[in-house]
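The sequence shown lines up with residues 1 to 201 when you count with full-length UniProt numbering.
The structure appears right after this line, and notes come after that.
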Amino acid sequence: MAKYLFILFLLIVGGMTNINGQKIESLKKADSSKELNDNTSIIYGLFIQRLGFTSGGFPQDIRLQNIITDKIYTFNVKGTMKSGKENPFCYYIKPGMYKVFSYFWTKSKWYGGEMHEERIFKNIDTSTKGYAKDLKNGSIDPNKLVSYYLEIRPNSVYYIGTWHFNTGLVSFSDDKTNLDEHLKKKYSKIDFDQATTKLPE
């Protein structure tokens, strides 16, 4: 039964390609086979997820929004059937100014999975019941809250930090040296030593 519920979950998530009618585009994983150019850059970092071994093997994603086009991009920060607390990521991305839009995760339940999407703002924990209540009664306007932003320039490799999403109050830190040594074994053609450090701010 659990197997069929998990398959149903994947079908549902696979169909969630829109936010308010807007199509979401998935970023492609960097694999050293694609050359950088004026329309292609790379972002990489380490993601510390919310649930750890209680995630039930469900995937987790981060969504970015291009603030010029409003287009939403999503990238996976925890793979299906993986439960490790810390997960490195490395993706191709188009140049532009991006807002860290939301965190999409699923909590394992006896009946399958309980899906959550949390908007990301500075110094605001949107995972709390208090935030949900304030949002519902209109005492909080998400359009007036301060977001995190990333500027991605053409033909560049960016280290965007360790993303601490293990709590609802998210933060970002710099641990480039240790991550670079780990990723060099997998991505031999990407010059991590020359990458620009750009944490969301």
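Ideal Cβ placement from N, Cα and C applies to all residues, glycine included.
Cβ-based burial, residue i [other Cβ within 10 Å; buried from 16]
i           : result
residue 126 : buried
residue 113 : buried
residue 102 : buried
residue 200 : buried
residue 216 : Residue 216 lies beyond the stretch modelled for the chain, which goes from 1 to 201, so this question has no answer here.
residue 41  : buried
CA-to-CA distance, residue j to residue i, given in whole angstroms
i           : j           : result
residue 10  : residue 58  : Any reading at residue 10 needs caution, since the residue's pLDDT is 43, under 50, leaving its predicted position unreliable; the model's value is listed next. The alpha-carbon atoms of residue 10 and residue 58 are separated by roughly 9 Å.
residue 36  : residue 27  : 15 Å
residue 104 : residue 196 : 27 Å
residue 46  : residue 139 : 34 Å
residue 50  : residue 167 : 6 Å
residue 186 : residue 73  : 24 Å
residue 192 : residue 157 : 7 Å
residue 66  : residue 159 : 18 Å
residue 5   : residue 76  : Legend: pLDDT at residue 5 = 41, less than 50; position of this residue unreliable, value from coordinates given subsequently. Cα to Cα, the separation comes out at about 21 Å.
DSSP bridge partner residues for residue i (one or two, in chain order)
i           : result
residue 173 : 162
residue 64  : 73 and 100
residue 120 : DSSP output for residue 120 lists no bridge partner at all.
residue 45  : 89
residue 149 : 99
For residue i, the first and last residue of its enclosing alpha helix (DSSP H)
i           : result
residue 137 : 129-137
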